[in-house]
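Contents: one structure, followed by commentary.
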Amino acid sequence: MNGITLNKVNHFILRKQHLTDDAKVDDVVQIARDITGLHATGVKEPYLALFARTRNFAKEQLDGELYLKRTLGRIRCMRGTLYILPKEMIPIAHAATRGMVEKLSRRYAEFRGISEMDYLDVSKSILSLLKGGEMSVSEIKTELNTRLNLSAVLNLMCDQGLLVRIQAGKSWKVGNYRYTPFREFFTDINLTQFSELEAVTLLVKQYLSSFGPATEGDITWWLRLNKTKVREALDRIKDNVTRLDIPNLKGEFIVLRSDLNLLREVELTGKPTVNLLPTLDPYLMGYKQRERYLDYKHYDKTFDRSGNATSTILVDGRTVGVWDFLDSDVEPEVKVCLLEEVTEEILQQIYSKALEIGKFISGTEVKFRKVSSMVSLREMPAGAFMSPLKNSQE
313 MNGITLNKVN
323 HFILRKQHLT
333 DDAKVDDVVQ
343 IARDITGLHA
353 TGVKEPYLAL
363 FARTRNFAKE
373 QLDGELYLKR
383 TLGRIRCMRG
393 TLYILPKEMI
403 PIAHAATRGM
413 VEKLSRRYAE
423 FRGISEMDYL
433 DVSKSILSLL
443 KGGEMSVSEI
453 KTELNTRLNL
463 SAVLNLMCDQ
473 GLLVRIQAGK
483 SWKVGNYRYT
493 PFREFFTDIN
503 LTQFSELEAV
513 TLLVKQYLSS
523 FGPATEGDIT
533 WWLRLNKTKV
543 REALDRIKDN
553 VTRLDIPNLK
563 GEFIVLRSDL
573 NLLREVELTG
583 KPTVNLLPTL
593 DPYLMGYKQR
603 ERYLDYKHYD
613 KTFDRSGNAT
623 STILVDGRTV
633 GVWDFLDSDV
643 EPEVKVCLLE
653 EVTEEILQQI
663 YSKALEIGKF
673 ISGTEVKFRK
683 VSSMVSLREM
693 PAGAFMSPLK
703 NSQE
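Structural data, given as structure tokens:
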């Protein structure tokens with residue numbers, strides 16, 4: 313359609329995701345807003361996602377926005393996943409996904425043997441205990457002297473908007489969360505500001521702003537809501553979107569009208585764009601239909617059985633390899649396994665970026681090692697996507 317190709321689409325989305333050199337900025341709140349949040353299931357991943365999208369990122373920038381300025385917050389929302397969102401997006405994501413998220417948390421609490429009466433009693437005690445302060449799970453458990461599984465209780469309280477997770481701050485690599493009352497931490501956020509339909513509509517529009525063109529199936533998968541709700545939202549913004557076909561991809565794609573001319577005008581310079589993205593990066597996790605950036609013969613090297621994306625090397629928005637950081641007090645290193653042949657110019661960029669991200673993680677110079685093969689993530693234990701080249705072959 314009017315010169316729109318898959319290469320143009322991928323470059324267009326890379327720019328929206330702040331993954332091209334000319335689109336990188338140092339405003340972490342703007343990045344979180346533009347890409348509809350940072351995946352925060354892993355502790356290090358939000359920092360690495362920002363490192364890939366900025367010019368001069370320091371870990372203190374994210375911590376400052378999260379815990380001092382409080383312009384960002386961590387909540388469970390899309391697909392029941394922890395995200396770091398700009399605070400103005402928190403009531404939208406909460407209202408849109410609360411039904412799904414809370415259902416998952418209640419099931420987990422029941423699985424841990426916590427009855428509804430248990431939950432009501434202990435949640436009141438926790439709110440009273442945390443008034444004006446913050447505590448870790450172990451500190452709360454000691455104060456309440458309870459045998460209940462408090463992690464399950466705290467998850468549900470967070471998902472109901474009663475508490476918010478804040479990090480201990482001892483290390484950016486450690487996820488020992490502390491908890492504090494949501495209303496005390498975010499005094500100016502109203503979680504009941506939007507109805508579910510209003511919130512889903514706003515979230516669908518925001519998704520298209522960050523990831524479009526995308527299919528209805530992409531949106532439904534990303535939100536983990538049923539098709540009816542997504543279609544209702546799309547109908548409410550029908551004057552703001554249009555539909556198109558993308559050569560070499562199946563399905564009908566939805567794009568914001570405001571993006572259409574920008575997409576048509578994309579110019580491909582021929583200079584390759586190389587990215588090393590962390591596990592669960594928003595770009596990788598943004599779509600159900602992944603052939604737009606992945607040859608399916610490499611699917612089992614990039615995604616595990618649960619659909620978790622590993623740390624990936626992209627060239628012009630397409631997957632060409634996998635990388636891994638192996639920590640060591642003696643000689644930390646970044647391993648790389650290429651799944652596609654690349655030019656010497658691109659290999660040099662991969663080498664340079666691997667050393668940069670390794671130094672960012674370890675705080676010291678690192679070794680670079682290229683390996684010839686890797687084990688399929690589907691043949692490895694759960695969680696292996698977090699260190700995909702641990703058992704790689706030379």
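Numbers in this note's numbering are just positions in the sequence shown, counted from 1, shifted up by 312. Note that beta-carbon positions come from the ideal geometry of N, C-alpha and C, so glycine has one too. As the structure is a prediction and not an experimental result, all values here were calculated from the model.
DSSP places residue 649 inside the beta strand (DSSP E), whose first and last residues are 645-650. Counting of Cβ neighbours within 10 angstroms places residue 641 among the exposed residues, the total staying below 16. The beta carbon of residue 397 sits closer than 7 Å to the beta carbons of 344, 349, 384, 385, 387 and 405 from its chain, once the five residues preceding and following it are set aside; these are given in chain order. Going by beta carbons, residue 516 and residue 545 fall inside the 8 Å limit.
In this structure, the alpha-carbon of residue 576 lies about 25 Å from that of residue 607. Taking C-beta atoms as the reference points, residue 478 and residue 462 fail to come closer than 8 Å.
If you compare the alpha carbons of 392, 495, 421 and 687 with that of residue 443, the shortest gap goes to 495. Secondary structure within the segment 479-563: the beta strand (DSSP E) runs of 3 or more consecutive residues, fully enclosed, are 489-493 and 553-556 (chain order). Residue 673 places its beta carbon less than 8 Å from that of residue 637.
In this structure, the beta-carbon distance from residue 446 to residue 491 falls below 8 Å. In the DSSP annotation of this structure, the continuous segment of the beta strand (DSSP E) that includes residue 395 starts and ends at 394-398.
Apart from the 5 residues on each side of it in sequence, residue 542 sits with its Cβ closer than 6 Å to the Cβ of 531 and 532 in its chain, given in chain order. Of the residues 586, 685 and 610, the one whose Cα lies closest to the Cα of residue 655 is 586.
Rounded to whole angstroms, the Cβ separation of residue 438 and residue 469 is 7 Å, and the two are in contact under 8 Å.
Residue state for residue 406 is assigned as helix, using DSSP reduced to three classes. Cβ neighbours of residue 591 within its own chain (closer than 8 Å, five residues either side excluded): 354, 357, 620, 621, 622, 623, 697 and 698.
Between residue 351 and residue 700, the C-beta gap is not smaller than 8 Å, which leaves the two residues out of contact. Look at the segment 599-646 and you find these whole runs of alpha helix (DSSP H), each 4 residues long or longer: 611-614.
The beta-carbon separation of residue 328 and residue 367, rounded to 17 Å, does not stay under the 8 Å limit for a contact.
Apart from sequence neighbours up to five positions away, the residues of its chain that approach residue 667 with a beta-carbon distance below 8 Å are 646, 677, 678 and 680, ordered along the chain. Pairing residue 440 with residue 455, the inter-Cα distance amounts to about 12 Å. Taking 8 Å as the cut-off, the beta carbon of residue 392 is found closer than this to the beta carbon of residue 536.
One thing to note: residue 399 has its Cβ within 8 Å of the Cβ of residue 501.
Here residue 658 carries a helix assignment [DSSP, helix/strand/coil]. As a beta-bridge residue in DSSP terms, residue 683 pairs with 649.
The beta-carbon separation of residue 627 and residue 669, rounded to 16 Å, does not stay under the 8 Å limit for a contact.
Excluding residues up to 5 positions away in sequence, 621 lie with their Cβ nearer than 6 Å to the Cβ of residue 615 in the same chain. Take residue 572, set aside five residues on each side of it, and the residues of its chain with a beta-carbon closer than 7 Å to its own are 554, in chain order. Looking at 488, 686, 413 and 473, the one whose alpha-carbon comes closest to that of residue 450 is 488. By the CB criterion at 8 Å, residue 347 and residue 330 fall inside the cutoff. Here DSSP, grouped into helix, strand and coil, assigns residue 369 to coil. Residues of the same chain with a CB within less than 8 Å of the CB of residue 539, apart from the 5 flanking positions on each side, are 528 and 532 in chain order.
In the three-state reduction of the DSSP assignment, residue 391 falls in the helix class, which pools H, G and I. Here DSSP, grouped into helix, strand and coil, assigns residue 385 to strand.
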